[in-house]
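Going down the list, the sequences are from chains W and G.
Counting from 1, position 98 in the first sequence corresponds to residue 151 in my numbering; the numbering is continuous, with no gaps.
Counting from 1, position 65 in the second sequence corresponds to residue 118 in my numbering; the numbering is continuous, with no gaps.
Positions of the beta carbon are idealized from the N, C-alpha and C atoms, including for glycine.
Here is the structure we will look at.
There are 2 protein chains.
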Amino acid sequence: MDPLTASPDPDATAAPLGKRARNRLAVEADILRVAREHLATDGAAALSLRAVARDLGMVSSGIYRYVESRDELLTRLIVDSYWSLATAVRTAHDATPVDDLEGRWDAIGRALRSWAVGHPHDFALIYGSPVPDYEAPAERTEEPGTAVLVLLVALLDDVRRAGRLTAPDRLGLVAVHAEAGVGALLEAPMFAATELDAVTLTQGLAAWTLLLGSVTSEVFAQLGPVPDGRALFECLLAASRRCVIAPAGD
Amino acid sequence: MDPLTASPDPDATAAPLGKRARNRLAVEADILRVAREHLATDGAAALSLRAVARDLGMVSSGIYRYVESRDELLTRLIVDSYWSLATAVRTAHDATPVDDLEGRWDAIGRALRSWAVGHPHDFALIYGSPVPDYEAPAERTEEPGTAVLVLLVALLDDVRRAGRLTAPDRLGLVAVHAEAGVGALLEAPMFAATELDAVTLTQGLAAWTLLLGSVTSEVFAQLGPVPDGRALFECLLAASRRCVIAPAGD
DNA sequence: AACAAATGTGAGCGGTGCTCTTGCTTTACG
DNA sequence: CGTAAAGCAAGAGCACCGCTCACATTTGTT
Chain W
54 MDPLTASPDP DATAAPLGKR ARNRLAVEAD ILRVAREHLA TDGAAALSLR AVARDLGMVS
114 SGIYRYVESR DELLTRLIVD SYWSLATAVR TAHDATPVDD LEGRWDAIGR ALRSWAVGHP
174 HDFALIYGSP VPDYEAPAER TEEPGTAVLV LLVALLDDVR RAGRLTAPDR LGLVAVHAEA
234 GVGALLEAPM FAATELDAVT LTQGLAAWTL LLGSVTSEVF AQLGPVPDGR ALFECLLAAS
294 RRCVIAPAGD
Chain G
54 MDPLTASPDP DATAAPLGKR ARNRLAVEAD ILRVAREHLA TDGAAALSLR AVARDLGMVS
114 SGIYRYVESR DELLTRLIVD SYWSLATAVR TAHDATPVDD LEGRWDAIGR ALRSWAVGHP
174 HDFALIYGSP VPDYEAPAER TEEPGTAVLV LLVALLDDVR RAGRLTAPDR LGLVAVHAEA
234 GVGALLEAPM FAATELDAVT LTQGLAAWTL LLGSVTSEVF AQLGPVPDGR ALFECLLAAS
294 RRCVIAPAGD
């Protein structure tokens, strides 16, 4: 089991960290590790605090000294998964030359797919049906949850700046609909450094929706058994790319 | 609660149907009705046979006379939802003139969305993350599950026949990838009456993936709060339509 | 050494899916 | 018509779950 965790450690307190505090961190890490194992083998719905405690050799009630509730554990796993995905995608993206726009899109898409295929349950945790009666606290998931989108927005703006944007009418986009649909979103801080308009953002959303839909469809086997998932994905990846980036000689 | 059910009744046995058999059918219908209510209010994961039995005034063990297990009840709900969705989509589609290709696509898309928005938990049951340790028996879900796809395939073939197909290179489709990805699928009986090739089918899958992704994204709120979901959907619907149907004057 | 905070422990509550046995009622058949 | 079979309601019970509480123990600090 890979560590999966890579959340940046904002407050690297150099406090001495007594024996007790150190042990607490270790136990918390153990809990998260075992929980991830259970998640990977049995899925989120089957995640049981009692089972995790049992695996760690502690009494069932003891785990509540370290984890507030099952939902809280789920939240930690979700945040963890978000970071894991974000770093995987970012790593792949950053390994591609900035001026290779198509390459950057493909890198993001392929990284997303391979992460999702490798961590299907984690993927389901963040992009699957929401767990009933549970809502991830926005203040903890917002940053990692939008990390991938931030990357996409930057790429989208680079495409615009390079004059490589696919013509919106190729997607049949109606400006007034796009404005109504996502215009207000452009006020978000995420778009502060960009010069994106509603139509372009909508193009980006179409591409992202197609991309995410491709991965979802494959991971959740929504189309039943497909001869070659990888090949099909390459086709859909190309289609999603074309939603935003026009072919070179155009 | 609308009946939701509309599965065709293939064997309308005119058997006398004694008192006992009649009661059994009534109880089974009651169970499904109450289960659907619970599903609509609390979601699939919170569906409890005990709670359903309690609502029906029967002892917890009694419900097992009518339902084999919780999974079996889930299967029935899934099949039910499939039929409900399929008839909603089919009804909307059939109300559109056959030669209005764009209209037919839009009708399917809008019907899908409005059904999903109106029955979010049922939608999650069908197109959400699969329930762990549970796999819907293919022989019971295949027919209703592919009903919508059958409709799309027919439309796709009509588009091809009308010479209105979007040029595949607009989607950046690579023939060899498409062949590897979905070529073998064309052997399925679903495509018997059509003359579709792998590339065209892949186009259709791209369009469907984008369409389904749009709905999923909205119902599961994957993008967070969006100003106007309806307007955004119209944009993505148009984009998905353009994956298969070229503009009229082309 | 003494004290308070952090931690470990086990019992217990109400909930779940599911099985089994015990009677009772309805149906079907000789 | 009577009897045997099949269907059914009811309850106890098993193992699991999330979670709480009172209590004992350990630990770090004053």
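Going along the chain, which residues of its own chain have a beta-carbon closer than 7 Å to the beta-carbon of residue i, five neighbours each way excluded?
i: L209 of chain W; result: L249, T253, G257, V297
i: R129 of chain W; result: L85
i: L178 of chain G; result: A97, L130, I131, S134
i: A301 of chain W; result: none
i: V268 of chain W; result: L165, R166, A169
i: L78 of chain G; result: none
i: Y187 of chain W; result: D124, L127
i: Y180 of chain G; result: L265, T269
i: P221 of chain W; result: V252, Q256
i: T247 of chain G; result: V206, D210
Short of 8 Å in beta carbon distance, which residues of its chain neighbour residue i, apart from the five on each side in sequence? Order them along the chain.
i: R294 of chain W; result: E155, W158, D159, G162, A260
i: M54 of chain G; result: In this prediction, M54 of chain G has a pLDDT of 46, which is less than 50 and means its spatial position is unreliable; nothing more can be read from the coordinates.
i: A145 of chain W; result: A160, I161, R163, A164
i: S270 of chain G; result: L276
i: A104 of chain W; result: H91
i: M243 of chain G; result: T199, L202, V203, V206
Below 6 Å CB to CB, which residues in the same chain sit around residue i once its five sequence neighbours on both sides are set aside?
i: W168 of chain W; result: L138, A141
i: A68 of chain G; result: Unreliable positioning characterises A68 of chain G in this predicted model, as indicated by a pLDDT of 49, which lies under 50. The coordinate reading is nonetheless provided below. Here the set comprises nothing.
i: A200 of chain G; result: A139
i: E287 of chain G; result: none
i: L102 of chain G; result: I116, R123
i: L218 of chain W; result: V212
i: E81 of chain G; result: Y119
i: A231 of chain G; result: A251, V252, T255
i: L347 of chain G; result: Nothing can be reported for residue 347 of chain G: it is not among the residues displayed for chain G, which extend from 54 to 303.
Where does the unbroken alpha helix (DSSP H) through residue i begin, and where does it stop?
i: S270 of chain G; result: 251–272
i: Y135 of chain W; result: 123–147
i: D175 of chain W; result: 173–180
i: I116 of chain G; result: Per DSSP, I116 of chain G belongs to no alpha helix (DSSP H) and is neither H nor E.
i: T94 of chain W; result: 72–95
i: R223 of chain G; result: Element bounds for R223 of chain G: n/a, residue is neither H nor E.
i: A104 of chain W; result: 102–108
i: G277 of chain W; result: Segment: none, G277 of chain W is in no alpha helix (DSSP H) and carries neither H nor E.
i: E232 of chain W; result: 228–235
List the DSSP bridge partners of residue i.
i: L218 of chain G; result: G:I298
What does residue i reach in chain W if we use C-beta pairs closer than 8 Å?
i: V227 of chain G; result: E287, C288, A291
i: P280 of chain G; result: A233, G234, V235, G236, A237, L238
i: G189 of chain G; result: Reading off the sequence shown, one finds Ala at residue 189 of chain G, where the question assumed Gly. Those within 8 Å of A189 of chain G in chain W number zero; the least Cβ separation is about 11 Å.
Find the residues of chain W that neighbour residue i, judging by a C-beta separation of less than 7 Å, and give them in chain order.
i: Y180 of chain G; result: Q275
i: R294 of chain G; result: G225
i: L263 of chain G; result: A259, T262, L263, G266
i: P183 of chain G; result: F273
i: A284 of chain G; result: H230, A233, G234
i: S17 of chain G; result: Nothing can be reported for residue 17 of chain G, as the shown portion of chain G is limited to 54 through 303.
Please look up how many angstroms separate the CB atoms of residue i and residue j, rounded, as I've assumed it's under 8 Å.
i: A251 of chain G; j: G236 of chain G; result: 4 Å
i: T255 of chain G; j: G234 of chain G; result: 6 Å
i: P173 of chain G; j: V272 of chain G; result: 5 Å
i: P280 of chain W; j: L224 of chain G; result: Actually they are not in contact, since the Cβ atoms of P280 of chain W and L224 of chain G sit about 19 Å apart, beyond 8 Å.
i: R143 of chain G; j: L204 of chain G; result: 6 Å
i: A291 of chain G; j: V229 of chain W; result: Contact doesn't hold; Cβ gap of about 12 Å is too wide.
i: W136 of chain G; j: P197 of chain G; result: 5 Å
i: L109 of chain G; j: D83 of chain G; result: 6 Å
i: S182 of chain W; j: S182 of chain G; result: 5 Å
Listing by chain order, which chain G residues have their CB less than 7 Å from the CB of residue i?
i: A177 of chain W; result: S182
i: A299 of chain W; result: What A299 of chain W touches in chain G: nothing, since even the nearest Cβ is about 10 Å away.
How would you list, in chain order, the residues of chain W whose beta-carbon sits under 9 Å from the beta-carbon of residue i?
i: A207 of chain G; result: Those within 9 Å of A207 of chain G in chain W number zero; the least Cβ separation is about 17 Å.
So which residues of chain G does residue i contact, with C-beta pairs closer than 9 Å?
i: T255 of chain W; result: L285, C288, L289, A292
i: S79 of chain W; result: Here residue 79 of chain W is Ala; the residue named in the question, Ser, does not match the sequence. Those within 9 Å of A79 of chain W in chain G number zero; the least Cβ separation is about 29 Å.
i: S164 of chain W; result: Rather than Ser, the amino acid found at residue 164 of chain W in this sequence is Ala. What A164 of chain W touches in chain G: nothing, since even the nearest Cβ is about 18 Å away.
i: A215 of chain W; result: Ordered by position in chain G, no residue passes the 9 Å Cβ test against A215 of chain W, which lies about 18 Å from the chain.
Run down chain G in chain order and give the residues with a C-beta less than 8 Å from the C-beta of residue i.
i: A139 of chain W; result: Within chain G, no residue comes near A139 of chain W; the closest Cβ sits about 15 Å away, beyond 8 Å.
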